Amino acid sequence: MTGLSFRAQRCRHRPGSPDLVFHCRQRGHADRLAGPPGWARPLRSGAVTLTDGTYWLGPSTGRLLIKTGRAGLGRRAGHDLTIEATRWSGEAMVAVGNPDKSWVNVTVETDSLEVREGTGGLKALTDADRADIKQTLAGKALLHTAEHPNITFRSTRITGTPESFEITGELTIKDRTHPVTVHGKSKGDGPVRGWATIPQSTWGIKPYTAFLGALRLADDVRVEFDVARLEPVNGTR
Numbered sequence: 000m001t002g003l004s005f006r007a008q009r010c011r012h013r014p015g016s017p018d019l020v021f022h023c024r025q026r027g028h029a030d031r032l033a034g035p036p037g038w039a040r041p042l043r044s045g046a047v048t049l050t051d052g053t054y055w056l057g058p059s060t061g062r063l064l065i066k067t068g069r070a071g072l073g074r075r076a077g078h079d080l081t082i083e084a085t086r087w088s089g090e091a092m093v094a095v096g097n098p099d100k101s102w103v104n105v106t107v108e109t110d111s112l113e114v115r116e117g118t119g120g121l122k123a124l125t126d127a128d129r130a131d132i133k134q135t136l137a138g139k140a141l142l143h144t145a146e147h148p149n150i151t152f153r154s155t156r157i158t159g160t161p162e163s164f165e166i167t168g169e170l171t172i173k174d175r176t177h178p179v180t181v182h183g184k185s186k187g188d189g190p191v192r193g194w195a196t197i198p199q200s201t202w203g204i205k206p207y208t209a210f211l212g213a214l215r216l217a218d219d220v221r222v223e224f225d226v227a228r229l230e231p232v233n234g235t236r
């Protein structure tokens, strides 16, 4: 996989509903989604204080990034990519004093991935390269977006404190579901940040290769999130 993404939307479904994704656009929440491909929504980073309540997640509240690495004898020729999911949404219920009652669900549209940065390599990443990467991501060998429009994550357990926490959950990619652990942290003067390591092969995805296998993407990709502000659902606090 050259990259990964997640999209979720939440309207009036119950927590843990298997399909949180498809109704917000119809019910007037299209403003929670990002704009057209290549458009990056500006976010004002600020202090986020986690308090009890239920909150929207999406491009208006934070960023969801996928970072890839290189392997193989020809790795100097490739790029380390930063890919952003531009259409994703979700919902989190926070119970600060009882994290076991907290939960989070996220869904990502697989065709919303946009290459934001490519570092390393023998030459700079061009717009044509970005378009080729997006097309490769959408193909059958990787995300097969025509057949699998969404990737979903649903938490099964949350432990820790607002300053340092772990979210265990189930990640579904191309109809395969496996457990994933997300590590998160927050400070009183900044956003909530977290990350997870995703081995592509666990979900049946063979990392992209070139030059007869001399250049290949590393199996592990790193998914990162950055929540810059909280947006309560239905005015919860």
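Numbering (numbering that gives the first Met the number 0), first residue to last: 0 to 236.
Cβ atoms here follow ideal geometry from the backbone N, Cα and C, with glycine treated the same way.
None of these values were measured; they are calculated from a predicted model.
Residue nearest to residue i in terms of C-alpha spacing, selected from the options
{"i": "I132", "options": "Y207, V47, L49", "result": "Y207"}
{"i": "T196", "options": "V179, D128, I157, L49", "result": "V179"}
{"i": "T160", "options": "D218, I65, L136, H182", "result": "H182"}
{"i": "V107", "options": "V93, R86, A94", "result": "R86"}
{"i": "G77", "options": "P231, L121, A137", "result": "L121"}
{"i": "A70", "options": "L229, M92, K205, L216", "result": "L216"}
{"i": "A145", "options": "Q134, T125, W194", "result": "Q134"}
{"i": "W194", "options": "H177, T171, I166, K205", "result": "I166"}
{"i": "V220", "options": "I65, L141, P148, R153", "result": "I65"}
{"i": "A130", "options": "D110, N149, P148, H147", "result": "D110"}
{"i": "K173", "options": "H143, G52, W55", "result": "H143"}
{"i": "N149", "options": "W55, K205, G52, V105", "result": "V105"}
{"i": "H147", "options": "T171, D128, A127, R153", "result": "T171"}
Residue i - containing alpha helix (DSSP H), residue span
{"i": "R129", "result": "126-137"}
Residue environment, residue i, which counts as buried when at least 16 other CB atoms sit within 10 Å
{"i": "A7", "result": "Low confidence applies here, because A7 scores a pLDDT of 34, under 50, leaving its location unreliable; read the following figure in that light. With 16 or more other Cβ atoms within 10 Å, it is buried."}
{"i": "D99", "result": "exposed"}
{"i": "S185", "result": "buried"}
{"i": "A84", "result": "buried"}
{"i": "V222", "result": "buried"}
{"i": "I157", "result": "buried"}
{"i": "E162", "result": "exposed"}
{"i": "N97", "result": "exposed"}
{"i": "T155", "result": "exposed"}
{"i": "E230", "result": "exposed"}
{"i": "E169", "result": "exposed"}
{"i": "P41", "result": "In this prediction, P41 scores a pLDDT of 40, lower than 50, which makes its location untrustworthy; the coordinate-derived value is nonetheless stated afterwards. With fewer than 16 Cβ atoms within 10 Å of its Cβ, P41 is classed as exposed."}
{"i": "V95", "result": "exposed"}
{"i": "A91", "result": "buried"}
8 Å Cβ cutoff met for residue i and residue j
{"i": "T81", "j": "R115", "result": "yes"}
{"i": "G57", "j": "S101", "result": "no"}
{"i": "V226", "j": "V191", "result": "yes"}
{"i": "F164", "j": "L63", "result": "no"}
{"i": "R175", "j": "G138", "result": "no"}
{"i": "T60", "j": "V93", "result": "no"}
{"i": "V47", "j": "R228", "result": "yes"}
{"i": "S200", "j": "D188", "result": "no"}
{"i": "T118", "j": "D79", "result": "yes"}
{"i": "L112", "j": "L141", "result": "no"}
Limits of the unbroken beta strand (DSSP E) element including residue i
{"i": "T167", "result": "163-172"}
{"i": "I150", "result": "149-160"}
{"i": "H143", "result": "Where H143 is concerned, there is no enclosing beta strand (DSSP E), given that its DSSP letter is neither H nor E."}
{"i": "S185", "result": "175-185"}
{"i": "Y54", "result": "52-56"}
{"i": "R192", "result": "191-198"}
{"i": "A91", "result": "87-93"}
{"i": "A84", "result": "79-84"}
{"i": "G119", "result": "Where G119 is concerned, there is no enclosing beta strand (DSSP E), given that its DSSP letter is neither H nor E."}
{"i": "K100", "result": "First-last for K100: undefined, no H or E at that position."}
{"i": "I65", "result": "61-66"}
{"i": "D188", "result": "Element bounds for D188: n/a, residue is neither H nor E."}
{"i": "V238", "result": "No statement about residue 238 is possible, as the shown extent of the chain runs from 0 to 236 and does not include it."}
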